[in-house]
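Here's the structure we're looking at; comments come further down.
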Amino acid sequence: MNTNTKNIATFKVAAAYIGTVVGAGFASGQEVLQFFSFFGTTGILGLILSTLLFVFFGVIILDLGRRLGADSHQQVIRYAGGRWIGSVVDGVITFFLFGALTAMAAGAGAIFQEQFGLSHLLGSLLLVAATAFTVLLGISGVITTISYVVPVMLVSVFGIAFATLLTTPVNFDAVNQWAQANRAPVPFWVFSAIIYVSYNLVLGVSVLAPLGRHVDNPKTLQRGALYGGIGLGIGALIINLTLLANVPGVSRYEVPMVSIAAQYSPFIKAVYSVVLLAEIYTTAVGSLFGFAERITDQGKPLFKWVVIGTGIVAFGAGQLGFSTLVRVLYPAVGYAGLLMLGGLLYGYARERVMAQPAYKPKR
Numbered sequence: 179m180n181t182n183t184k185n186i187a188t189f190k191v192a193a194a195y196i197g198t199v200v201g202a203g204f205a206s207g208q209e210v211l212q213f214f215s216f217f218g219t220t221g222i223l224g225l226i227l228s229t230l231l232f233v234f235f236g237v238i239i240l241d242l243g244r245r246l247g248a249d250s251h252q253q254v255i256r257y258a259g260g261r262w263i264g265s266v267v268d269g270v271i272t273f274f275l276f277g278a279l280t281a282m283a284a285g286a287g288a289i290f291q292e293q294f295g296l297s298h299l300l301g302s303l304l305l306v307a308a309t310a311f312t313v314l315l316g317i318s319g320v321i322t323t324i325s326y327v328v329p330v331m332l333v334s335v336f337g338i339a340f341a342t343l344l345t346t347p348v349n350f351d352a353v354n355q356w357a358q359a360n361r362a363p364v365p366f367w368v369f370s371a372i373i374y375v376s377y378n379l380v381l382g383v384s385v386l387a388p389l390g391r392h393v394d395n396p397k398t399l400q401r402g403a404l405y406g407g408i409g410l411g412i413g414a415l416i417i418n419l420t421l422l423a424n425v426p427g428v429s430r431y432e433v434p435m436v437s438i439a440a441q442y443s444p445f446i447k448a449v450y451s452v453v454l455l456a457e458i459y460t461t462a463v464g465s466l467f468g469f470a471e472r473i474t475d476q477g478k479p480l481f482k483w484v485v486i487g488t489g490i491v492a493f494g495a496g497q498l499g500f501s502t503l504v505r506v507l508y509p510a511v512g513y514a515g516l517l518m519l520g521g522l523l524y525g526y527a528r529e530r531v532m533a534q535p536a537y538k539p540k541r
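Each residue of the sequence shown is one higher than the last, beginning at 179 in my numbering.
Take a look at the structure:
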């Protein structure tokens, strides 16, 4: 292990947090549309709630990862939820890590085909190959790669958003008349915000837990979770306002933000499509790393073959189609993730409120 990982700065912690949470759904605008925009202005309250939850649970996961010396999400989950609940949640997370990798392979293929007129197979293959190569570099390579991609994503998303909001201000009266809470996958804005955080942290914990082990200073982790959570909230808020400025037309697109980018020029549309691919890549990297680390330690020879084998299987399964995988997989992730959030919350209360010793998982 590279000893320099002990000197990971607050910025890299925050960037890794943002990078492992945001992905195709975030940068495309589809997640924000489904979980927040359909509620109209009330959705902004949901975004504030989700930001607070991202900060709160981010601090818990990173701190547990540091104290337990976690090399995967398993130790953190079993510590928080106990042996039985922890085992169930661990299995759910491991399964969905592979499912997310498969969905990202399908998403990359869809962008290659729909936006660039290239082969679906080629897009999936390149994404899986780049992801496997990055994961084989270890946690240091994962963190470094994600920390470079995140600023590019934020600049691109914010650029299109600010340009849109300057030329097309949000008409909140019209937005509330248009609001269609019945179209949201979760019909109540409070629960929608919780499910949004739950789904994202199911994937994020696979990188956040072992990341905590590689940072000595707990203040660095706390600030990283704070800045990362706020960054996620601000990014989602800006995307939400951009979408609300373009309703009702934008709600009929599979990739709303690309449709908004296309209003400016084909070049900007192409650039944003590349950024969307980068976000798919960061999600795929986090998912494959977490899945492989759960199967075996990265220092063992088997790790390389798990990464390669998982990539091959995900490439094949990714040919089922992006929309099919997302429609089946993503809602289930959010509901299953409530077990994880409940376990983390119980563990937090047990230590700080009840002052009881927490369950120590077997290594």
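Just so it is clear, CB atoms sit at the ideal spot from N, CA and C, and this is done for glycine as well.
Start-to-end residues for the alpha helix (DSSP H) that takes in Leu-421: Where Leu-421 is concerned, the enclosing alpha helix (DSSP H) stretches over 396-422.
Got a sec? Which residues, its chain only, sit under 6 angstroms from Tyr-377 by beta carbon, not counting five neighbours each side? For Tyr-377, where only same-chain residues beyond five positions count, the Cβ hits under 6 angstroms are Val-511, Gly-512 and Gly-515.
What residue range is occupied by the uninterrupted alpha helix (DSSP H) comprising Lys-482? Its alpha helix (DSSP H) spans residues 479-495.
Confirm, please, whether the CB-CB distance from Ala-362 to Phe-232 is below 8 angstroms. The answer is no: Cβ separation not under 8 angstroms.
Just list the beta strand (DSSP E) runs in the segment 437-468, keeping only unbroken ones of 3 residues or longer that don't cross its boundaries, in chain order. Every candidate beta strand (DSSP E) stretch fails here, since none sits fully inside the segment 437-468 while reaching 3 residues.
Can we say the segment 185-197 touches the segment 398-410, given the rule of at least three CB pairs closer than 8 angstroms? As far as the Cβ criterion goes, the segment 185-197 touches the segment 398-410, which means the pair count is three or higher.
Report buried or exposed for Thr-345, applying the criterion of at least 16 other Cβ atoms within 10 angstroms of its Cβ. Residue environment: Thr-345 is assigned as exposed (fewer than 16 neighbouring CB atoms within 10 Å of its CB, all protein chains considered).
My assumption, with CB atoms under 8 angstroms, is that Trp-543 sits in contact with Gly-224. Please give the rounded CB distance. Because residue 543 is not part of the residues shown, which for the chain are 179 to 541, the question remains open.
Could you name each continuous alpha helix (DSSP H) segment of 4 residues or more that falls completely within the segment 211-237, going from the start of the chain to the end? None, since the segment 211-237 contains no complete alpha helix (DSSP H) of that length.
Here's the rule: buried if 16 or more other CB atoms are within 10 angstroms of the residue's CB, otherwise exposed. What is Ile-490? By the neighbour-count definition (other C-beta atoms within 10 Å, threshold 16), Ile-490 is an exposed residue.
On a CA-only basis, which of Ile-289, Phe-213, Tyr-257 and Asp-475 is nearest Tyr-524? Give me that one, please. Out of Ile-289, Phe-213, Tyr-257 and Asp-475, Tyr-257 has the C-alpha closest to the C-alpha of Tyr-524.
Ala-283: which of Ser-250, Glu-471, Arg-530 and Thr-460 sits nearest, CA to CA? The option with the nearest alpha carbon to Ala-283 is Thr-460.
Would you report the Cα separation of Leu-230 and Ala-492, rounded to the nearest angstrom? Ala-492 has its alpha-carbon roughly 34 angstroms from the corresponding atom of Leu-230.
How big is the Cα-Cα spacing for Leu-379 and Ile-372? C-alpha separation (whole angstroms): 11 angstroms.
Return the chain-ordered list of same chain residues with a C-beta closer than 6 angstroms to the C-beta of Leu-279, the five sequence neighbours on each side being excluded. The residues are Ala-462, Ser-465, Leu-466 and Ala-492.
With a CB to CB cut of under 6 angstroms and the five nearest residues on each side skipped, what residues in its chain are close to Ala-440? Annotation for Ala-440: Lys-447 place their beta carbon closer than 6 angstroms to its own, counting only its chain and skipping 5 residues before and after.
Verify the CB distance criterion: does Gln-253 have a CB-CB separation below 8 angstroms to chain E? Absent here is chain E; the protein component of the structure consists of one chain.
If we count the other Cβ atoms within 10 Å of its Cβ and call it buried at 16 or more, is Pro-434 buried or exposed? It is buried - the Cβ of Pro-434 has at least 16 other Cβ atoms within 10 Å.
Taking the continuous alpha helix (DSSP H) assigned at Asp-351, which residues delimit it? Counting along the chain, the unbroken alpha helix (DSSP H) around Asp-351 starts and ends at 350-356.
Using 8 angstroms as the threshold, is the C-beta distance between Val-254 and Gly-243 below it? Taking 8 angstroms as the Cβ cut-off, Val-254 and Gly-243 qualify as a contacting pair.
Take the Cβ of Asp-475 as the centre, count every other Cβ of all protein chains shown within 10 Å, and call the residue buried at 16 or more, exposed below. With fewer than 16 other Cβ atoms within 10 Å, it is exposed.
Return helix, strand or coil for Leu-343, following the three-state DSSP convention. Helix.
Distance, Leu-415 Cα to Gln-291 Cα: Cα-Cα distance, rounded: 30 angstroms.
Go through its chain and collect everything with a Cβ distance to Leu-422's Cβ below 7 angstroms, but skip five positions before and after it. Contacts found: Ser-215, Val-348 and Val-353.
Could you pull out every unbroken beta strand (DSSP E) segment of at least 3 residues lying fully inside the segment 261-318, listed in chain order? Listed in chain order, there is nothing to give.
Considering only the alpha carbon of each residue, which of Tyr-374, Val-313, Phe-204 and Met-518 lies closest to Val-128? The structure shown has nothing for residue 128, since the chain only spans 179 to 541.
State the Cα-Cα distance for the pair Val-306 and Thr-198, rounded to the nearest angstrom. Rounded to the nearest whole angstrom, the C-alpha separation of Val-306 and Thr-198 is 16 angstroms.
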